[in-house]
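S.K.: Numbering (this note's numbering), first residue to last: 34 to 238.
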């Protein structure tokens, strides 16, 4: 019989907040159907949001963070065409490009005249730098409080990385404190963390 302390680990991933049947099925596909499976679904890489650049110096194909001032909005008049937001720094201008965008959301997220920290890959279209669907858009205050380094998990089509990351974080928080199976004095002498601390560290590179 399974010890009661382990019950939280064997709960279905669908019991986690924000995970309905569709996402639960996709998470089971990449990790497994239970919370314990998410604990062992370890990061495959990481994103360092501290890596900042200017529009002019941003390397192609790498995720960077730009400190930008929002200049102007260009809503699309044709459904198939993107909504663009022009922003600038001391080195030039960049277009932030959104397909199937909600104008009210973008006006709130990117108010004209305000400073925003925008993360994503800077590419060129018709000779102009642009970021299509930025990974993060943060105010100065939010940027100061945000996580600097984030894990990246192996996923599958239809499962957003943000959803998977949020779900793994919930799983780690729900994991119980288990009795240590190593001798405590020996563990401390070796400088080893306890099980729960080690688990948190695995998911916080």
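Glycine residues also receive a C-beta, built at the ideal position from the N, C-alpha and C atoms.
Bridge partners of residue 150, per DSSP?
M.R.: Numbered from 1 along the chain shown, position 117 holds the residue referred to as residue 150. Paired residue(s): 100 and 171.
S.K.: Let's test the definition: count the other Cβ atoms within 10 Å of the Cβ of residue 188 and tell me whether it reaches 16, buried, or not, exposed.
M.R.: Indexing the chain shown from 1 puts residue 188 at position 155. Under this definition residue 188 is a buried residue.
S.K.: Please state if the CB of residue 108 and the CB of residue 136 are separated by a distance shorter than 8 angstroms.
M.R.: As a working note, residue 136 is residue 103 in the chain shown. As a working note, residue 108 is residue 75 in the chain shown. Yes, they are a contact pair.
S.K.: Distance check for residue 228 and residue 221, CA to CA, integer angstroms please.
M.R.: As a first step, residue 221 must be located in the chain shown, where it is residue number 188. As a first step, residue 228 must be located in the chain shown, where it is residue number 195. In a straight line, the C-alpha of residue 221 is about 13 angstroms away from that of residue 228.
S.K.: Could you tell me how far apart the beta carbons of residue 142 and residue 116 are, in whole angstroms, since I believe they sit closer than 8 angstroms?
M.R.: For this step, residue 142 is matched to residue 109 along the chain shown. For this step, residue 116 is matched to residue 83 along the chain shown. Not quite, the Cβ-Cβ distance comes to about 12 angstroms (not below 8 angstroms), so this is no contact.
S.K.: Give the single residue among 111, 51, 83 and 69 whose Cα lies nearest to the Cα of residue 169.
M.R.: Your numbering for residue 169 matches position 136 in the chain shown. Ranking the options by Cα distance to residue 169, first place goes to 83.
S.K.: List the whole-angstrom C-beta distance separating residue 139 from residue 121, where the pair is believed to meet the contact cut-off of C-beta under 8 angstroms.
M.R.: Within the chain shown, the letter at position 106 stands for residue 139. Within the chain shown, the letter at position 88 stands for residue 121. Not confirmed; about 17 angstroms, so no contact.
S.K.: If the criterion is Cβ atoms closer than 8 angstroms, does the pair residue 91 and residue 155 meet it?
M.R.: Translated into the one-based positions of the chain shown, residue 91 becomes position 58. Translated into the one-based positions of the chain shown, residue 155 becomes position 122. Against a cut-off of 8 angstroms, the Cβ pair of residue 155 and residue 91 comes out as a contact.
S.K.: Three or more beta-carbon pairs under 8 angstroms between the region 193-201 and the region 149-166, yes or no?
M.R.: In short, these stretches do not touch, since the Cβ pair count stays below three.
S.K.: Could you tell me which residues DSSP pairs with residue 120 in its beta bridges?
M.R.: Taking the chain shown and counting its residues from 1, the one referred to as residue 120 is at position 87. Residue 120 pairs with 103 and 127.
S.K.: Near residue 38, what residues of its chain come up, given a Cβ to Cβ distance below 6 angstroms and the 5 sequence neighbours on each side ignored?
M.R.: Mapped onto the chain shown, residue 38 falls at position 5. Excluding residues within five positions, the ones whose Cβ falls inside 6 angstroms are 209.
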